[in-house]
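Residue numbers (my numbering), protein chains in the order written: chain H, 325 to 405; chain P, 1112 to 1544; chain Z, 31 to 404. Backbone N, C-alpha and C fix where the C-beta goes; we use that ideal spot for every residue, glycine too. The next block holds one structure in the form of structure tokens; read it before the comments.
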Amino acid sequence: MSEVVVLRVNRREVQVPAGATVGVAVMTAGAACRTSVSGERRGPLCGMGVCFECRVTINGRAHCRSCQIVCESGMDVRTDD
Amino acid sequence: MTSNAPFNFDVLVVGAGPAGMAAAARAAESGARTGLVDENFRAGGQIWRSGCEDVPAEAKFWIQRCTSAGVMALRGVRVVDQLKPGELTAESMDGTHKLGYQQLVIATGARERFLPFPGWTLLNVMGAGGLQAMVKSGLPIQGKRVLVAGTGPLLPAVAAYLRQHGARVLMICEQASWLSLARFAITLIGQTGKLSQVMQLKKELPHVPFLANSWPVAAEGNEVLERVTISHGGKLETIACDYLACGFHLVPNTELAALLGCQSENGYVQVDDLQRTNVPGVFCAGEPTGIGGVELALLEGQIAGLAASGDIRAAEALTANSKKLKNFADHLQRAFQLRKDLRSLAKPDTLVCRCEDISYARLERHRSWRSAKLQARCGMGACQGRICGPTTQFLFNWAPDSVRPPIFPARVESLAALANCREPAPQNVVGGH
Amino acid sequence: MNSYDVAIVGAGIVGAACAYECCRRGMRVVVVDREMVGSGATAAGMGHIVVMDDSEAQFALTRYSQRLWQQLKSELPDDVEYEECGTIWVAADDEEMQEVERKCSHYAARGVATQILGPGALRELEPNLRSGMKGGLLVSGDAVLYPPCAARFLMECAQERGAQTRMGCKVVGMSEDRILMEDGSEISAEFLVNASGASAPELTRGLDIKKRKGHLVITDRYPQFVRHQLVELGYLKSAHSTTSDSVAFNVQPRRTGQILIGSSRQYGAEHKEVDHEILARMLQRAREYMPGLELMSAIRTWTGFRAATPDKLPLIGPLASDKSVWLATGHEGLGITTSLGTARLLVDQMAGAGTEIPNGPYLPSRLGKEHAHV
């Protein structure tokens, strides 16, 4: 599979292989997904959608678990970063 | 409220991992109108997670079997609550759905157990299965230095996988003792399938030190992981690395079973030989009944699917194979029991509840989960105790609370739309490629 | 048998406030609860400190008690999350807007400063309310807090002054200077206080207290989506009804940025399980007022039981039939607000002193027949 998906993370363009999750896109962009209650930068922990550390805003909708969502072309992903 | 469930299955299976697919295939093959619901879009659960890659061959087999048998797959659909016995509410990206059934098979699998230690909340500290899932989902790992730690058979499996994808696996730190591991290895004799799996792993992990009696003591770095200190045989060693893949075996996902009133013992759903729970019409198969791996999950799934669709004889015939595999599950649990030392890894300011950032110090004064929840808000965040519940149970011996709906966060509109539901478009179980 | 001045049954916000007040006066106190501090209705409710004008007596008590909270606020620890965010009573139509004006003058005449908001002003303060609202009434002195921690704080203050506690102890009888526990042990005290909320009739037979079930939903974090406690004026109709199930729009911003969504009232529902139909109605009502709630992530739902009396006023004072038994219960949806005031009224009466507001409307004897019973 040589397809690539292009999306934006915090307004910067990111390329990921087709089938990659938004969580991967955020990590690829060098960003953290969210800032915790006490100010820590957090990223994916469990990789399977139960820890909620990977929450980001996708196309305006907040609290999406990025490790569970496959990237789509043109997605607008915003993290707390 | 009128029951106008758009879906009415003879057998509804929740969870499309090995147990779920086996149950669905067998039920449908027996003639039952069968539904298979999973919040992921691709079948396979965790162990057969695909992501950017293809599913393993064994997964393909079961996927194909489900398709051929006419299983109706509800993908990207997450069960949220029970409306009444025989009817579940579920949510997908674009709507709310009522799922009606005569018989239910709960095959909700397991998740990793995490234990806190200083620095465990740093970026690039993940579960072992967690990092593997991310790599499967496209995370580049080529050339990255990875330390694998924790406990359980998942560790070498993950290490091998990461190596195959170009990672530099620096070592595997298993907290179990050599004695436990040796005892466990002995139980594998006579189980040729498992033994060859072990030999295969050994082949794939040359030059990767495997340390028993070993666990992480601290992770350090400036917001991102830079190095990990491990304890090995009483001595400390600090290792520079890019990722720490650390998980302490698995805990069962029993929330749905608990919501439906199924009895549990020691945290596992209680079932009889035919995978029946104490709730009429509700079966449970796979990890929620005991962590036993893929083979056992496939067997239990088939038994449950056959029994649920009424083919009791065929179900009973399969139970002959259960004993050996259930013994394996027992050996597994014993071999990878958590040692007491792991309770003292957390320092007073180490966070235990990550959703609400509650430290060890704020929790240790509480005598129960409920007290900690009410006063410190531990477990009141988005994960609703899925991460910190097993953790605090190990650290403080707190028994878990009862489950409240929704068993997974749901949109307000889903909770509000219980009278108006939309039918999800049925899709095939097989992924696009 | 241990001997105390006061034995309080119930360590919810009201029991804790009573312990706090008794200890302030130097009384020897023991508090008994079948579970833990703040684990009943106190754990389930919204934690709203609000002045309510359903009746003069209700106004007097809520106002009195709200002032006591304001006096205490600087001592409250951080985890009590006290915020004087204020309440906005939202008017959806002209009739409700008239009610806003009536309320405004009613409060003004009684010394509570409020501000009438036209549609523009309302929109500015709460942009996420559905457009088309006619306006509202802002009551800035109202506040919110997190009740279990507030109850714990009050209890700790009492304990610092020597109060003892027996948690995890179920009380099976209280009369004639003695509390009888399930394990057979007894506590004797000059004053016995029944502060056990919706369970009060189990200990004091004949109390006309009925369980009024409520539902709440909490969302994930959406900071600044709501800034004040928002209540629809129709809330009063809901709280008024003595027979039917009802829902009303009532949302609260928590300091965490999570949104607490209520409210519902049901009579005759005795089981703790979430009632899906009324939950759905409650949320449908909520999104009528705030459409943006619809797509939010709801992480938990739960229920609680308010203790409701026939005239919507609590019972604060002695039983006629047994002078050792005192009641501090029946607070319906105003337990948090009126807890401090209740405690003052109770302890003033115990001490034979005058009360700071007329206590007649809250005396148990006003309801006629009742009797203490083992």
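Residue i: first and last residue of the uninterrupted alpha helix (DSSP H) it sits in
i: Val1257 (chain P); result: Not the alpha helix (DSSP H): Val1257 (chain P) falls in the beta strand (DSSP E), residues Arg1256 to Thr1262.
i: Lys1435 (chain P); result: Ser1433 to Ala1446
i: Cys1177 (chain P); result: Ala1168 to Ala1180
i: Ser95 (chain Z); result: Glu86 to Leu102
i: Pro1129 (chain P); result: Pro1129 to Glu1140
i: Glu318 (chain Z); result: His306 to Tyr319
i: Trp1159 (chain P); result: Here Trp1159 (chain P) belongs to no alpha helix (DSSP H), and DSSP marks it neither H nor E.
Cβ-based burial, residue i [other Cβ within 10 Å; buried from 16]
i: Pro385 (chain H); result: Per the sequence shown, residue 385 (chain H) should be read as Arg rather than Pro. So Arg385 (chain H) counts as exposed.
i: Ser161 (chain Z); result: exposed
i: Met1074 (chain P); result: Only positions 1112 to 1544 of chain P appear in the structure, and residue 1074 (chain P) is not among them; the question remains open.
i: Thr359 (chain H); result: exposed
i: Asp1165 (chain P); result: exposed
i: Met204 (chain Z); result: buried
i: Pro283 (chain Z); result: buried
i: Ile38 (chain Z); result: buried
i: Glu1202 (chain P); result: buried
i: Lys1435 (chain P); result: exposed
i: Ala353 (chain Z); result: Reading the sequence as shown, one finds Lys at residue 353 (chain Z) and not Ala. It is exposed - the Cβ of Lys353 (chain Z) has fewer than 16 other Cβ atoms within 10 Å.
i: Leu369 (chain H); result: buried
Min CB distance residue i to chain P below 8 Å
i: Glu337 (chain H); result: no
i: Val44 (chain Z); result: no
i: Thr345 (chain H); result: yes
i: Arg332 (chain H); result: no
i: Ile308 (chain Z); result: no
i: Ser85 (chain Z); result: no
i: Ser135 (chain Z); result: no
i: Gly398 (chain H); result: no
i: Gly77 (chain Z); result: no
i: Tyr50 (chain Z); result: no
i: Gly371 (chain H); result: yes
Whether residue i touches residue j by CB criterion (8 Å)
i: Leu1429 (chain P); j: Leu1410 (chain P); result: yes
i: Ala342 (chain H); j: Val328 (chain H); result: yes
i: Trp119 (chain Z); j: Leu246 (chain Z); result: no
i: Leu1234 (chain P); j: Gly367 (chain H); result: yes
i: Lys164 (chain Z); j: Pro149 (chain Z); result: yes
i: Ala1062 (chain P); j: Val1269 (chain P); result: No answer is possible for residue 1062 (chain P): it lies beyond the span of chain P, which begins at 1112 and ends at 1544.
i: Gly347 (chain H); j: Met1245 (chain P); result: yes
i: Ser397 (chain H); j: Val330 (chain H); result: yes
i: Leu370 (chain Z); j: Ser135 (chain Z); result: no
i: Gly1397 (chain P); j: Gly1412 (chain P); result: yes
i: Lys342 (chain Z); j: Gln296 (chain Z); result: no
i: Phe1225 (chain P); j: Thr1502 (chain P); result: yes
i: Val1380 (chain P); j: Cys1395 (chain P); result: yes
i: Ser1342 (chain P); j: Val1328 (chain P); result: yes
i: Arg1478 (chain P); j: Ser69 (chain Z); result: no
i: Gly241 (chain Z); j: Phe183 (chain Z); result: Contrary to the premise, residue 241 (chain Z) reads as Lys rather than Gly in this sequence. Not in contact: Lys241 (chain Z) and Phe183 (chain Z) (Cβ atoms no closer than 8 Å).
Minimum Cβ-Cβ distance from residue i to chain H less than 8 Å
i: Cys1466 (chain P); result: yes
i: Asp108 (chain Z); result: no
i: Gly1249 (chain P); result: yes
i: Gly1241 (chain P); result: yes
i: Leu325 (chain Z); result: yes
i: Ala328 (chain Z); result: no
i: Gln1275 (chain P); result: no
i: Ile1498 (chain P); result: yes
Range of the contiguous beta strand (DSSP E) that encloses residue i
i: Leu1355 (chain P); result: Tyr1354 to Phe1359
i: Leu147 (chain Z); result: Gln145 to Leu147
i: Arg196 (chain Z); result: Gln194 to Met197
Residue i - partner residues in DSSP beta bridges
i: Tyr297 (chain Z); result: Z:Arg242
i: Asn1119 (chain P); result: P:Gly1211
i: Tyr34 (chain Z); result: Z:Ala219
i: Ser205 (chain Z); result: Z:Arg208
i: Thr352 (chain H); result: Paired residue(s): none; Thr352 (chain H) is not in a bridge.
i: Glu1376 (chain P); result: P:Tyr1379
Residue-level contact to chain Z via CB, residue i, 8 Å cutoff
i: Ala356 (chain H); result: no
i: Ala342 (chain H); result: no
i: Arg365 (chain H); result: no
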